[in-house]
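Residues 960 to 1070 (my numbering) make up the sequence shown, in order. Glycine is no exception: its CB is placed at the ideal position from the N, C-alpha and C atoms. Since the model is a prediction, treat every value here as computed from it, not as a measurement.
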Amino acid sequence: ERIILNLKEQKTEIPESPKPDAFIAYLGEEAKVEAMKTASALRKAGIAIITATGDKSLRGQMRQANSLGAAYALILGEQEISNQNVILRDMKSGEQKTIPVAEIAGIIKHD
């Protein structure tokens, strides 16, 4: 905190932290494992992604995605895993759709 106060006193502009392209929210332990695998694959594809931490509810995870400024939230649950899909939510418009996991990178990069 002292560093930030000193920077403000010196009227130094504090750069904004970069916002992630996407945030992965999950429901359940199996989904948590899949979320980690998906995040790793997306990072390799050049997508800045953050995975939820702790045992927050889906609502809490979505709040976290919003506060981080993520453009998209990916939601994984048991049903999505069994169908090899993910729910993709546009955090700006609130629109969401179910898409195959294999298409995530292309959709996020396209935007």
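Closest residue to residue i among the options (Cα-Cα distance)
| i | options | result |
| --- | --- | --- |
| T997 | H1069, R1048, I1034, Q1055 | I1034 |
| E989 | R961, T1057, E1037 | E1037 |
| S1052 | P979, N1025, E1062, E993 | N1025 |
| K991 | I1063, T1012, A1029, R1002 | T1012 |
| R1048 | N1042, G1065, S1041, A1029 | A1029 |
Buried versus exposed call for residue i [16 or more other C-beta atoms within 10 Å across all chains shown]
| i | result |
| --- | --- |
| E1039 | buried |
| V1060 | buried |
| E993 | buried |
| R961 | exposed |
| A1004 | exposed |
How about the segment 982-994 and the segment 1015-1031: do they share at least three Cβ pairs that are nearer than 8 Å?
Verdict: yes, contact present.
Which ranges does the alpha helix (DSSP H) cover as unbroken runs of at least 4 residues, wholly within the segment 1011-1039, from first to last along the chain?
Fully enclosed alpha helix (DSSP H) runs of 4 or longer: 1017-1027.
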